[in-house]
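Trainee: Numbering (our numbering), first residue to last: 148 to 380. Ideal placement from N, C-alpha and C gives every residue a C-beta, glycine not left out. Every value quoted in this text rests on a predicted model; they were computed, and no experiment measured them.
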Amino acid sequence: GWAGEGPGAGGKNRRVCHAAARLEMGSLWEEFNRLGTEMIVTKAGRRMFPTFQVKLSGLDPLADYVLLMDFIPLDDKRYRWGWGDGGREPDPGVLSPSPPCRYAFHSSSWLAAGRAEPAAPGRVHFHPDSPAKGAQWMRQIVSFDKLKLTNNLLDDNGHIILNSMHRYQPRFHIVFVDPRRDSERFAHQNFKSFSFPETQFMAVTAYQNHRITQLKIASNPFAKGFRDGDPEP
148 GWAGEGPGAG
158 GKNRRVCHAA
168 ARLEMGSLWE
178 EFNRLGTEMI
188 VTKAGRRMFP
198 TFQVKLSGLD
208 PLADYVLLMD
218 FIPLDDKRYR
228 WGWGDGGREP
238 DPGVLSPSPP
248 CRYAFHSSSW
258 LAAGRAEPAA
268 PGRVHFHPDS
278 PAKGAQWMRQ
288 IVSFDKLKLT
298 NNLLDDNGHI
308 ILNSMHRYQP
318 RFHIVFVDPR
328 RDSERFAHQN
338 FKSFSFPETQ
348 FMAVTAYQNH
358 RITQLKIASN
368 PFAKGFRDGD
378 PEP
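1) What are the boundary residues of the alpha helix (DSSP H) that Glu-178 is part of?
2) State the beta-bridge partners of Tyr-354 as determined by DSSP.
3) Look up Ser-330 in the DSSP assignment and say whether it is helix, strand or coil.
4) Is DSSP giving Leu-301 helix, strand or coil here?
5) Quick check on the burial criterion: 16 or more other C-beta atoms within 10 angstroms. Buried or exposed for Pro-317?
6) Is it a yes or a no for the segment 317 to 333 touching the segment 295 to 305, going by three-plus beta-carbon pairs under 8 Å?
7) Have a look at the DSSP bridge pairing and note the partners of Ile-321.
8) For Pro-220, name the three-state secondary structure that DSSP assigns.
9) Going by DSSP, name the residue or residues bridged to Arg-225.
10) Tell me whether Gly-240 is buried or exposed, calling it buried when 16 or more other Cβ atoms sit within 10 Å of its Cβ.
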């Protein structure tokens with residue numbers, strides 16, 4: 148469905164206050180989310196799958212907008228993928244959001260393994276078509292297919308830097324390009340932000356949950372090489 152900003156949307160510029168965003172491939176995101184989505188991070192940078200794509204409405208067709216994304220930590224923990232403990236009471240550190248134990252498969256689950264590492268340098272990713280008229284943004288699906296995730300703290304390619312084995316929530320922002328000379332004064336009024344809980348994920352250097360691996364191969368057209376090499380029919 149269409150999403151708007153949560154509480155605190157009041158006082159926004161009329162060119163953003165009616166903006167709405169619908170997450171594309173929502174059912175696929177939900178399928179991954181039920182398993183516990185994992186996204187690969189590499190030194191060189193890796194694209195996300197599913198790709199973050201949205202359909203926009205409610206923009207001023209003649210106004211200019213910049214679209215961008217950032218990623219915020221979901222908690223202050225780092226995790227590890229481990230085996231269960233033989234049927235004893237579940238460890239309170241085991242990640243088991245509703246529905247219960249959705250991350251646990253074949254006695255394996257994500258376990259809290261300590262405090263989070265210091266936050267990686269905060270970066271944003273600007274959609275390369277920015278700035279553009281509202282009419283252009285609304286005409287077709289907006290795809291962040293150029294965005295790459297890295298675990299290289301010294302990355303100089305502008306990729307999003309994340310810590311492996313930490314959980315993140317992607318955020319999407321629409322920013323009205325205010326032509327007024329003193330536009331800085333109105334900066335807080337000129338943007339609207341969106342978060343889709345089904346897009347949160349664990350950053351990993353290799354997939355931990357084999358069901359995530361299977362779903363990525365089955366649903367990602369760029370994973371054809373993996374499928375071709377699979378001996379199973």
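Mentor: So, from the listed chains and residues:
1) Segment 173 to 182, the alpha helix (DSSP H) holding Glu-178.
2) DSSP output for Tyr-354 lists no bridge partner at all.
3) The answer is helix: DSSP assigns Ser-330 an H, G or I state.
4) Leu-301: coil per DSSP, three-state reduction.
5) By the 10 Å Cβ count, Pro-317 comes out buried.
6) Flag = no, the segment 317 to 333 and the segment 295 to 305 do not touch.
7) Residue pairing by DSSP places Ile-321 opposite Leu-214, Lys-339 in a beta bridge.
8) Correct three-state label for Pro-220: strand.
9) Partner(s): none; Arg-225 has no beta bridge.
10) Annotation note: pLDDT 48 at Gly-240 (below 50); position unreliable, no value reported.
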